[in-house]
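Protein chains in written order, with the working numbering: chain G, 172 to 587; chain E, 172 to 587.
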């Protein structure tokens, strides 16, 4: 077997060297640096018995044709946030390449099932605010009409930025053709959270991606002079918001894996000498169980209304975005559990709080599973994002084991 | 007696007509509209036996020479905030003019004591952020070096703006010469708060201006992904700030007239998908008792440190500004109480939360007192600022009574 996990580490460092500056990775989708990363990746394919093409949404597909057309898919994304890390997304791509090489070598270019690597286009949505761009087109859940005119900070439109990279916004749905024969999808990713580090374990099975309820919650009180308005005569919008900021913690805390976050608070007029008349907040709630998610949302709404009333304020909710929970395939979860146990001894199971391309793939009906590798300090989207090299290597080995098991599973299903 | 309180209302409406647009009063100091207001005011002096001049800081002095050089001072300010109301500041000036007219008529141009009206320059500090500009120069508490280069929104410097109005910034301290023979200072102002309206009373004796402790309070936690960071692993700077936003209320509430306000909250990175890593807040604390003010400040600091610790955060305090409480003269307070009781039947006593020129005058050692008239809805610094005409007229009458009593008091003191 030719699997060389150390090569994955070397290649990841090479990519980072090529596409980062002193502030971190700059592989933002649809930029020259991203295209450079993709050219670098394509050069890595030389000598491999594979076919490569970009689909209608800009996803990069590398196919090792097998004896069966049924395809095992694996992947990640080379695009990063601005000032990003060296592993978020690219680990999945480069580990998949290593596994693809192993398949090619072991089966002399013709494995029992087809093996395909995908580098999804614009997972991060960092420039235009539309994450999962390529995988949603693949899954048939693209939202062209609301996305085409999205603008970046400099006023450039998404439809023009993608055209520059050879993509016609109105045709990205044709990427769905890549779903043909797809039998399973595997994705290795850094955890981006502190759970595995706290457990002292390198790898985890990912049970699915949590559903998200994301809302703007605005409290309306009465702007008033900080000097002349007695405490009892105030209608302080900030006080109502502060109560909600604290109450979302027991709301989440009553459920084992749930999270609720108030990430932004804006005060108006927002000056030192005025009681806050209007307080705009954002609330992000996540859980893998749709009933838990719905209950948390209901409880937060009820709490906000109670606090508004207590403070002589009113409150308005406006949904920013939501997505249902996406549980991964139970059979692939079992295979992932086995692969991790064989590699690392223990296989903890986590839901993923962040969204991933695997969720879009899963929503399209293709069995999918993800594997997490420990993140140091739980930090990502930052140049200090890091994972111990030893764990990166273990993750490549575990992904390879999972891929082998999944290929067998695909074959077995084909025989039924 | 020629006192005509209805004339004050008419003149205030005339001034508002001349110097406001659809958004409210625009008599911002050092602007053409302010100069227009001052020209309009000067024209009102025609025929009165008075001397008028602008001092070195731009304060406008109108002097009715009396038999004694000892002077009774009364005043206010014609400058307004942008989009301001028709009464804040200008009521004090126009009511004082009416009282001056009464003195001139009753004593045929030669009252027992000298009576002086002052229109302070730039009370609001709306354009350059330096309030009490003229009265601080009068009091000898001007801060030229830190003020000369203050800029407005368009980049114009304070020293240039005042020069355009004939003021040399380095010479404003010469306004202290106006303190000569000053024996008392009276100022009528709208309350700018809801207390008198809640009491159902028109007028109040002002006991002094509250001291202010104004701080920037910043909590430092750890920015983290809202999806991947379990509730128990967070160091949420917003949570610590929210606890403080709520705790300042019992801190103030334990004291009868104290106020504490968190007027501004800023969250960083301030996005819906991140736990707040840094939360910048402002705290404004006021009380008339310096010991109470100091205790409230200590309690807020201790609470913030406790909350920071509870949330795994740190906290930093930075003083923005402070001023000690300025109690008004007890004998003038008694005269004010009598004047209000005779006019309105009941004389409630309030501290002033907002600062006023009277505080600067008082700090310079001149006995001072203020009178408040009810504000509708407690609203000021807004075009909807208003007071019932009947109450405006009562306030002019009460100020006149207070002025008469104070003139007698000045005479009486002279005899000792």
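Even glycine gets a Cβ: it sits at the ideal position worked out from N, Cα and C.
Taking CB distances under 8 Å as the criterion, tell me whether residue 491 of chain G reaches chain E.
Yes, its Cβ sits closer than 8 Å to a Cβ of chain E.
For the region 437-470 of chain E, list every residue whose C-beta sits within 7 Å of some C-beta in chain G, in sequence order.
Flagged, chain order: 438, 441, 442, 443, 444, 445, 446, 447, 453, 455 and 457.
If the criterion is Cβ atoms closer than 8 Å, does the pair residue 399 of chain G and residue 498 of chain E meet it?
No, the Cβ-Cβ distance between residue 399 of chain G and residue 498 of chain E is not below 8 Å.
So, helix, strand or coil for residue 549 of chain E, using DSSP?
Three-state DSSP puts residue 549 of chain E in a helix.
Determine contact between the region 238-252 of chain E and the region 191-206 of chain E, defined as no fewer than three beta-carbon pairs at a distance below 8 Å.
Yes, since at least three Cβ pairs between the region 238-252 of chain E and the region 191-206 of chain E fall closer than 8 Å, the two stretches touch.
Which residues of the region 363-378 of chain E have a Cβ closer than 8 Å to any Cβ of chain G? Give them in chain order.
Here the close residues are 363, 364, 365, 366 and 369.
Tell me the DSSP secondary structure of residue 317 of chain E in three-state form.
When DSSP states are grouped into helix, strand and coil, residue 317 of chain E belongs to the helix group.
Coarse secondary structure for residue 483 of chain E, derived from DSSP in three states
Residue state, collapsed to three classes: coil.
Contacting positions in the region 400-415 of chain E - beta carbon closer than 9 Å to chain G
Listed by position along the chain: 400, 401, 402, 403, 404, 405, 407, 409, 410, 412, 413, 414 and 415.
Just to make sure I have the definition right: I need the residues of chain E whose C-beta is within less than 7 Å of the C-beta of residue 525 of chain G. Which are they?
Correct list: 396, 398 and 399.
Expressed to the nearest angstrom, what Euclidean distance is found between the alpha-carbon atoms of residue 323 of chain G and residue 333 of chain G?
Each residue's Cα considered, the two are about 12 Å apart.
Whole angstroms is fine: what's the gap from residue 543 of chain G's alpha carbon to residue 256 of chain G's?
Each residue's Cα considered, the two are about 16 Å apart.
Using a beta-carbon distance cut-off of less than 8 Å, what residues from the region 269-282 of chain G approach chain E?
For the region 269-282 of chain G, the set of residues with a beta-carbon nearer than 8 Å to any beta-carbon of chain E is empty.
Return the CA-CA distance between residue 259 of chain E and residue 558 of chain E, expressed in angstroms with no decimal places.
Their backbone Cα atoms lie some 10 Å apart in a straight line.
DSSP state of residue 361 of chain E, grouped into three classes?
Strand at residue 361 of chain E.
Below 7 Å, is the gap between the Cβ of residue 467 of chain E and the nearest heavy atom of the ligand ZN?
No copy of the ligand ZN appears in this structure; indeed no ligand is present at all.
Pop quiz: residue 560 of chain E and residue 180 of chain E are said to be a contact at Cβ under 8 Å. What is the actual Cβ separation, rounded to whole angstroms?
Going by Cβ atoms, the distance from residue 560 of chain E to residue 180 of chain E rounds to 5 Å, so yes, they are a contact pair.
Consult DSSP for residue 442 of chain G and reduce its assignment to one of helix, strand or coil.
Residue state, collapsed to three classes: coil.
Between the CA atoms of residue 434 of chain E and residue 450 of chain E - distance to the nearest angstrom:
Whole-angstrom Cα-Cα distance: 13 Å.
Going by Cα to Cα distance, which pick from G:313, G:548 and G:210 is closest to residue 406 of chain E?
Distance check between residue 406 of chain E and each of G:313, G:548 and G:210 places G:548 closest, using alpha-carbon atoms only.
Can the beta-carbon of residue 531 of chain G be found less than 8 Å from the beta-carbon of residue 307 of chain G?
Going by C-beta atoms, residue 531 of chain G is nearer than 8 Å to residue 307 of chain G.
Going by beta-carbon coordinates alone, are residue 522 of chain G and residue 381 of chain G separated by less than 8 Å?
Note that the C-beta distance between residue 522 of chain G and residue 381 of chain G is below 8 Å.
Going by DSSP, name the residue or residues bridged to residue 244 of chain E.
For residue 244 of chain E, which the question treats as bridged, DSSP gives the partners E:287 and E:356.
Per DSSP, residue 494 of chain G is paired with what?
Residue 494 of chain G is bridged to G:383.
Which whole-angstrom value describes the C-beta separation of residue 284 of chain E and residue 243 of chain E, a residue pair presumed to lie in contact below a C-beta threshold of 8 Å?
In this structure, residue 284 of chain E and residue 243 of chain E form a Cβ contact; the two beta carbons are roughly 6 Å apart against a cut-off of 8 Å.
Going by DSSP in three states, residue 543 of chain G sits in which element: helix, strand or coil?
DSSP places residue 543 of chain G in strand when its eight states are reduced to three.
Using the beta-carbon count (16 or more within 10 Å), is residue 305 of chain G buried or exposed?
The residue in question, residue 305 of chain G, is buried, as its Cβ has 16 or more Cβ neighbours within 10 Å.
Quick one: Cα of residue 567 of chain E to Cα of residue 465 of chain E, how far?
Rounded to the nearest angstrom, the two C-alpha atoms are 37 Å apart.
Rounded separation between residue 486 of chain G and residue 387 of chain G - CA only
Distance between the alpha carbons of residue 486 of chain G and residue 387 of chain G is about 10 Å.
What are the complete alpha helix (DSSP H) segments, minimum 4 residues, inside the region 408-456 of chain G?
Here the runs fully enclosed are 408-424.
Could you pull the start and end residues of the beta strand (DSSP E) that residue 522 of chain E belongs to?
DSSP places residue 522 of chain E inside the beta strand (DSSP E), whose first and last residues are 520-523.
Short Cβ contact (8 Å threshold) for residue 496 of chain E with residue 461 of chain E
For residue 496 of chain E and residue 461 of chain E, yes; Cβs fall inside 8 Å.
Could you pull out every unbroken alpha helix (DSSP H) segment of at least 4 residues lying fully inside the region 209-280 of chain E, listed in chain order?
Here the runs fully enclosed are 261-277.
Mind checking residue 193 of chain E: buried by the 16 CB within 10 Å criterion, or exposed?
Exposed is the call here.
Would you tell me roughly how many angstroms separate the C-alpha atoms of residue 537 of chain G and residue 476 of chain E, rounded to the nearest one?
C-alpha separation (whole angstroms): 52 Å.
Between the C-alpha atoms of residue 188 of chain E and residue 571 of chain E, what's the straight-line distance to the nearest angstrom?
One alpha carbon belongs to residue 188 of chain E, the other to residue 571 of chain E, and they sit about 26 Å apart.
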